[in-house]
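These notes concern the structure reproduced below.
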Amino acid sequence: MMILNTSIQSTAPQYPSVKATDASNQVKQASSTAVKHTWDSFRDDVGADPVFAREMAEAITFIPNKMTVNLNETPPLSDPVAHKKWADQSVEFDRIAEQVTEQRIALFNRMKGEGASDADIYNEMIAFNKTLPMDYQAKAGMLGVNQYA
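In the working numbering, the protein residues as written are 14 to 162.
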């Protein structure tokens, strides 16, 4: 059984801008592991359908991540201090996710300006996501772990 650390740090990590070559190397490394990103399953459809590629490139870029939560870990309402602390994790994650979304939008705009296809933009956004800290990826629900690996 694998346990992921999903506690939020008190200071927001800085997610550096990603260069295309760095992201491509990350994709190659991630593809050899048992971790699969949820957006990967749409790659073939994105490559085959330009309209779908545009919709998905915009979705992966402009829709901010939200923190996934395990409702079984919710503190009881009878402990308001613990419950507030638990709920505040989502607020902190939203703040960090806003920074990540801004970086994706900048990457999207740069690539659009350079004439990249929507499929290329979609694939680069997946590569960008894979360069984010694993803790962030786990909290955002980006990861699927192959249980047979």
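Glycine included, every Cβ here is placed at the ideal spot set by N, Cα and C. What you are looking at is a predicted structure, and each value in this text was computed from that prediction instead of being measured.
Give a yes or no on whether the C-beta atoms belonging to residue i and residue j are separated by under 7 Å.
i      : j     : result
ALA132 : ALA66 : yes
ILE134 : ALA61 : no
MET138 : THR74 : yes
ALA110 : PRO77 : yes
Give me, in chain order, the residues of the same chain whose beta-carbon lies closer than 8 Å to that of residue i; leave out the 5 immediate sequence neighbours on both sides.
i     : result
THR87 : HIS96 and TRP99
ASP53 : ILE139
Kindly identify the DSSP beta-bridge partner or partners of residue i.
i    : result
LEU7 : Given that the chain is displayed from residue 14 to residue 162, the structure contains no residue 7 and the question cannot be resolved.
Going by beta carbon distance, what residues of the same chain come within less than 6 Å of residue i, once the five residues before and after it are set aside?
i      : result
THR80  : Before going further, note that residue 80 is Met rather than Thr in the sequence given. If we look at MET80 and ignore the five residues flanking it on each side, its Cβ neighbours are SER103, PHE106 and LYS152.
MET124 : ILE134
THR46  : Its pLDDT being 49, under 50, THR46 is placed unreliably in this model, and the coordinates cannot settle the point.
State the CB to CB distance for the pair residue i and residue j, rounded to an integer number of angstroms; the pair is presumed to be in contact (CB under 8 Å).
i      : j      : result
THR51  : GLY154 : 7 Å
PHE141 : ARG117 : 6 Å
Leaving aside the five residues before and after residue i along the sequence, list all residues of the same chain whose C-beta is less than 7 Å from its C-beta, in chain order.
i     : result
VAL59 : PHE65, ALA66, MET69, ALA132 and TYR135
PHE55 : MET69
PRO63 : ASP131
Can you list the alpha helix (DSSP H) stretches of 4 or more residues lying completely in the region 42 to 118, in chain order? If we require 4 residues or more, the alpha helix (DSSP H) runs fully inside the region 42 to 118 come out as 56 to 61 and 63 to 75.
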